[in-house]
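According to my numbering, the stretch in the sequence shown is residues -16 to 104, in order.
Input: a single structure, listed below in structure tokens.
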Amino acid sequence: MPHVTIIEGPQGNPVYQVGRKSFVFFRTPRPDAVDPVSGERYPDVIVFWVPSESDKLALVQDENSPFFTTAHFAGHLSVLLRGSRIGELTLAELTEVIQDAWLSRASAARARTWLAEHRLP
């Protein structure tokens, strides 16, 4: 994706930004995302911005989906994915999630240009 910069998060985790707005980042372990059996914090959570609440619901409502959310992210236009489950997505699915994340955070002009160059609506 164009105009992407990668900055280092507070604990050295990569944060992908467009126009200084994060659209994908690797989250540090937090108490709201834990293994239900062991209680251990997930060390591999990736956050993706989404365009709308309906897009978020479409990704998290199926309990078999690798995407999830937590109460901490209620009202926030993002979904979570454990890195250990990324292999459950096809390359096309992962590409779409990343493109949608970028489009949701890029400026309107950058988004229009990118969509026009790729002949997408």
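Glycine is no exception: its CB is placed at the ideal position from the N, C-alpha and C atoms.
Source: prediction; values computed, not measured.
Rounded to whole angstroms, what's the CA-CA distance from Val30 to Leu98? Just pull it up for me. 23 angstroms
Please classify Lys4 as buried or exposed, where buried requires at least 16 neighbouring CB atoms within 10 angstroms. exposed
Could you check where the beta strand (DSSP E) with Ser87 kicks off and where it finishes? Segment 74 to 88 is the alpha helix (DSSP H) holding Ser87; no beta strand (DSSP E) there.
First and last residue of the alpha helix (DSSP H) that includes Ser5? Premise fails: Ser5 lies in the beta strand (DSSP E), 4 to 9, not in any alpha helix (DSSP H).
Going by C-alpha distance, which of Glu23, Leu64, Trp32 is nearest Glu46? Leu64
Enumerated in chain order, which unbroken segments of the beta strand (DSSP E) with a length of 3 residues or greater are wholly contained in the region 12 to 71? 28 to 32, 61 to 65
CB-CB under 7 angstroms to Ala54, same chain, minus the five flanking residues each way: which ones, in chain order? Asp15
Candidates Ala94, Arg13, Ile81, of which the one nearest Asp27 by Cα: Arg13
Alpha carbon to alpha carbon, how far is Gln44 from Ile(-11)? 30 angstroms
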